[in-house]
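Down below is the structure, laid out as structure tokens.
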Amino acid sequence: VRPSSSDTKWEAVELPHDWRIKTKPSPDYPCPVDYPKSWQGFFPTGVAYYRKIFSYDAKQGQRVAITFDGIAGFSDIWFNGHWVGQQSTCYSPISIDISEFLRPASDGPNVLLVRADSSEGEGWWYEGGGIYRHVWLETYQNVHVARNGIYVRTPTITEDEALVFVQVEIQNESADSTSFTMEAVIEEEEGGPEVARTHSTMPVTNSSLGTSSVLLAEATIKNPKLWEIGNGRQYQLTTNIKAGDGSVLDSVSLKFGVRKLEWIENGILVNGKWVKIYGANLHQDWAVYGVALPDRVMEAKLELCAEMGVNAVRTAHHPPTPELVEHADRMGMLLVLEHRLLTTSSFSLDQLRSQVRRFRSQPSVLLWSLENEEMDFQGTAVGRQLLSRLIQEVKALDLDRLTNVGGVLNLDDDYHRLPDVVGMHYRCFFGVVDSAIAYAPSKPHILDEEGLYASARGIYQYDKERGYAGSFSTILDVLQNTEKPASNAALIPPNFQITGNIPANLTQAYTHPKVSGTFVWAGLDYIGEPTPQRWPATTSSYGAKDLIGIPKDFYWLLRSLFRPDKPIVHAYPHWTWPGKEDQRIPCRAYTNCETVEFVVNGTVVAKQSASGSVVVVEGDVEYQPGELVARGYRGSELVAEHRQVTAKQASKLALLPDRTTISSSGSDVSFIRVAITDEDGNLIPDASNIINFSASGSGSIAGVHNADPSTDVYDAISAINTFNGLVGVYIKGSKTPGEVTLTASAEGLESASITLSIS
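Just so we're aligned, residue 160 is where the sequence shown starts under the numbering used here, counting upward by one.
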């Protein structure tokens, strides 16, 4: 904590930062008693210290705060030798007023020290370590808009106009009596034309140190541009707090959308238009970054979901980072935001209030989820008391959005009738969705978790030793293959009958006439909670896309459900099986067509009707090299086709970027898929060659990953083996405009390069 203390031997890092992802997972690390090592992906736990020395001269009357959006584990913070605060959760921000502790530059530098303790897990997934979200140095005057003190509503919307209510909380940090008014200016977009201007109804005099006042105003937007699913049109509100002489004491801007949400039995109405919720659950980590994601990677994860037809995401199981919500706002993606724990401790209530105040004006926020699978409390008197209090807290802060909880087992009690929306987990999986709905027939229902389809990309049969679930294996294989302490499978009562046909379960879930929407578990793979839950598996395989965003076979099941108007057929497995000539192999197809015809080298070998969005060929198919074509029919009309060919010998590398131009902000990222192909560009589906990478110019390699769910390599930069023919590379642009060139090479294969523009 002393400026004179040397930190020359400390590692210099850029924030956000996750120190654990740079370590090597192992089953030999110590772990808290009764906490499975697998839950955190077998990564080591521990404590990290972060130190920052800086000078800052505050202006006269200026207040200064440091805000941490998220520190993994239990954190303590010191500033200039003073302990100034702590946070008990990974997922909520902490803001500390350092005004009185701040040294003027003439007295020497300031020292910020943070202790981040990730020795014990808060959840049962990978949570990272360190200062993994953004950190802000904020300045404001003594009279200022309170933190998250602006609340915008659009309660009345017609084609001709929208009524906008603005509520602003003003904080007075001085002992002087101050009179002020509020001016609100609404622009069509940031820097766009002004569409409305209004003022608070009366001036306010605030004379007590630390007291706050609330100012109200309303405005009308003529011919409003509505925020819609897939079209995140927004307005910008700028709130100016003015003193009696007209000078501006504080000015804060906030974006909002004009939209109205209504819940109905079989969906929701967005501005009066019917929408079925095609949702996905997401954890916050990703590939080479752990939990310390660049803003662009957060946006890319939402884009990966939107591409398969997802229109809503549940932030499992905690408050999100603000940047994720902002991305969803811009994209027109709905969000279910989740509170971490069912408790009314002062810490937990502060965290809930912080989340609701921070995001209650965001157009993407659909629903407040107040707990997840708190089975020890669901259906108990204490649970009802705790949940009732949390609902009251939310209703006091947000007048529009509804509440729910995620229920797993018994939904036949008053506990699950307390929230506005009944949240059901795996009701189709257990075969009891209709009986669950019958307990509260007048309320909207969502399946906020459903699916549980574990599979590794390019793997088809269950492999216990290597830790792979396959496209043809069953979820029971995975759940029952676990190390002690037992997995969540032990929580399933023996009287529950599991229906192993997950395609049929999901088809029922997403098309049920009395379910407003369903959130598949999970949209994307995530680190920790591996499937199977034992070494060497380190990554969960429940996603429709893997940990670098490449679709699995399961993806096509969801896409066929999420886009019923677009005919889709996807046959699997691939059609490159050297050594299996003349043998019969399993063959299936995901489809939203009525029938599917399978053709091998021009000969029809099977034609069957779809059931539960899947076609399973009876008696399998005899493998012959060449071509497998799946043809989807609606009635007698051929409406979709999926063609696969037998790959030749591996010949070259192919590079496919998600973007060819990235910004010179110093933090923007482009993701490049690297594939091993034959001379015709066909993927070699079982290739595991080591690929070497180099970058030159105005950028660098942030990391490479192959999405192998049993890998112990998460920090590779210059070389890695492909997993079933594919690997992903993340290129970070520098702050210098120009170009960056990535080159990939492998022994015996033709190299490939690609150049990105940095502007």
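We put the beta carbon where it would ideally sit given N, CA and C, even for glycine.
At the level of alpha carbons, what is the spacing between residue i and residue j?
{"i": "residue 325", "j": "residue 472", "result": "27 Å"}
{"i": "residue 512", "j": "residue 715", "result": "39 Å"}
{"i": "residue 903", "j": "residue 887", "result": "11 Å"}
{"i": "residue 223", "j": "residue 216", "result": "10 Å"}
{"i": "residue 505", "j": "residue 702", "result": "35 Å"}
{"i": "residue 392", "j": "residue 460", "result": "20 Å"}
{"i": "residue 214", "j": "residue 264", "result": "5 Å"}
{"i": "residue 912", "j": "residue 851", "result": "12 Å"}
{"i": "residue 442", "j": "residue 705", "result": "13 Å"}
{"i": "residue 254", "j": "residue 564", "result": "28 Å"}
{"i": "residue 528", "j": "residue 387", "result": "22 Å"}
{"i": "residue 117", "j": "residue 590", "result": "No statement about residue 117 is possible, as the shown extent of the chain runs from 160 to 918 and does not include it."}
{"i": "residue 627", "j": "residue 691", "result": "7 Å"}
{"i": "residue 881", "j": "residue 731", "result": "20 Å"}
{"i": "residue 389", "j": "residue 470", "result": "8 Å"}
{"i": "residue 550", "j": "residue 566", "result": "16 Å"}
{"i": "residue 725", "j": "residue 866", "result": "29 Å"}
{"i": "residue 805", "j": "residue 786", "result": "6 Å"}
{"i": "residue 202", "j": "residue 523", "result": "34 Å"}
{"i": "residue 862", "j": "residue 464", "result": "22 Å"}
{"i": "residue 838", "j": "residue 320", "result": "60 Å"}
{"i": "residue 295", "j": "residue 229", "result": "11 Å"}
{"i": "residue 892", "j": "residue 450", "result": "20 Å"}
{"i": "residue 455", "j": "residue 177", "result": "17 Å"}
{"i": "residue 343", "j": "residue 408", "result": "14 Å"}
{"i": "residue 909", "j": "residue 380", "result": "59 Å"}
{"i": "residue 898", "j": "residue 333", "result": "51 Å"}
{"i": "residue 746", "j": "residue 761", "result": "17 Å"}
Less than 7 Å between C-beta atoms, sequence neighbours within five positions excluded: which residues of the same chain meet that for residue i?
{"i": "residue 458", "result": "486"}
{"i": "residue 516", "result": "307, 556"}
{"i": "residue 219", "result": "none"}
{"i": "residue 261", "result": "215, 217, 223, 269"}
{"i": "residue 421", "result": "427, 428"}
{"i": "residue 733", "result": "803, 844"}
May I ask which residues mark the beginning and end of the alpha helix (DSSP H) holding residue i?
{"i": "residue 216", "result": "Per DSSP, residue 216 belongs to no alpha helix (DSSP H) and is neither H nor E."}
{"i": "residue 664", "result": "661-670"}
{"i": "residue 511", "result": "505-518"}
{"i": "residue 489", "result": "481-490"}
{"i": "residue 636", "result": "634-638"}
{"i": "residue 583", "result": "From DSSP, residue 583 is part of no alpha helix (DSSP H) but of the beta strand (DSSP E) over 580-584."}
{"i": "residue 473", "result": "Residue 473 -> not in any alpha helix (DSSP H); beta strand (DSSP E) instead, spanning 471-474."}
{"i": "residue 455", "result": "454-466"}
Can you list, in chain order, the residues of its chain with a C-beta nearer than 6 Å to that of residue i? Leave out the 5 residues immediately preceding and following it.
{"i": "residue 855", "result": "900"}
{"i": "residue 285", "result": "199, 200, 444, 686, 687"}
{"i": "residue 645", "result": "Interpretation of residue 645 is limited by its pLDDT of 48, a score under 50 that renders its predicted location unreliable; the figure taken from the coordinates is listed afterwards. Excluding residues within five positions, none has a Cβ falling inside 6 Å."}
{"i": "residue 548", "result": "503"}
{"i": "residue 636", "result": "621"}
{"i": "residue 238", "result": "257, 260, 271"}
For residue i, which residues of its own chain have a beta-carbon under 8 Å away from its beta-carbon, when the five flanking residues on both sides are left out?
{"i": "residue 510", "result": "248, 250, 251, 478, 498, 499"}
{"i": "residue 672", "result": "424, 425"}
{"i": "residue 772", "result": "662, 663, 665, 666, 716, 719, 720, 749, 750, 751"}
{"i": "residue 474", "result": "441, 443, 483, 494, 495, 496, 497"}
{"i": "residue 614", "result": "628, 629, 630, 632, 700, 711, 712, 713"}
{"i": "residue 653", "result": "With a pLDDT of only 49 at residue 653, under 50, the local geometry of the prediction cannot be trusted, and the value read off the model is given with reservation. Here the set comprises nothing."}
{"i": "residue 727", "result": "715, 718, 719, 749, 750, 751, 752, 791, 799"}
{"i": "residue 709", "result": "616, 832, 866, 885, 887"}
{"i": "residue 412", "result": "349, 395, 396, 397, 398"}
If I follow the unbroken beta strand (DSSP E) through residue i, where does it start and stop?
{"i": "residue 273", "result": "269-276"}
{"i": "residue 911", "result": "911-917"}
Inter-stretch contact (C-beta, 8 Å, three-pair minimum) for the segment 674-683 and the segment 597-611: The segment 674-683, when compared against the segment 597-611, does touch it at the 8 Å Cβ threshold.
Complete runs of the beta strand (DSSP E) confined to the segment 672-724 [at least 3 residues]: The segment 672-724 contains these whole beta strand (DSSP E) runs: 676-680.
Below 8 Å, how does it come out for the segment 283-290 and the segment 482-489: are there three or more Cβ pairs, yes or no? Judged by Cβ distances under 8 Å, the segment 283-290 makes no contact with the segment 482-489, as fewer than three pairs qualify.
Counting only runs that start and end within the segment 386-443, where is the beta strand (DSSP E) found for 3 or more residues in a row? If we require 3 residues or more, the beta strand (DSSP E) runs fully inside the segment 386-443 come out as 394-402, 407-415, 420-423, 426-429, 432-434, 436-441.
When the Cβ atoms of the segment 427-437 are set against those of the segment 392-402, are three or more pairs found closer than 8 Å? Flag = no, the segment 427-437 and the segment 392-402 do not touch.
Does the structure place the segment 818-835 close enough to the segment 770-784 that three or more beta carbon pairs sit under 8 Å? They do not touch, by the three-pair rule.
I'd like to know if the segment 302-313 and the segment 497-506 are in contact, where contact means that at least 3 CB-CB pairs between them fall below 8 Å. Taking 8 Å as the limit for Cβ pairs, the verdict is that the segment 497-506 does not touch the segment 302-313.
Write down every uninterrupted run of the alpha helix (DSSP H) in the segment 776-853 whose length is 4 residues or greater and which is fully enclosed by it, in chain order. Those alpha helix (DSSP H) runs which fall completely within the segment 776-853 and span 4+ residues do not exist here.
Every unbroken alpha helix (DSSP H) inside the segment 334-358 [4 residues or more]: As far as the segment 334-358 is concerned, it has no whole alpha helix (DSSP H) run of at least 4 residues.
Taking three-plus beta-carbon pairs below 8 Å as touching, is the segment 866-876 in contact with the segment 809-819? Contact between the segment 866-876 and the segment 809-819 is absent, because fewer than three Cβ pairs lie under 8 Å.
Kindly confirm or deny that the segment 260-270 and the segment 199-213 touch, where touching means at least three C-beta pairs closer than 8 Å. Yes: the two stretches touch, three or more of their Cβ pairs being nearer than 8 Å.
Within the segment 512-558, note down every full alpha helix (DSSP H) run reaching 4 residues or more, in order along the chain. Assignment of alpha helix (DSSP H) within the segment 512-558, counting only whole runs of 4 or more residues, yields 540-556 in chain order.
In chain order, which alpha helix (DSSP H) runs of at least 4 residues are fully inside the segment 851-880? The qualifying runs do not exist here; there are none.
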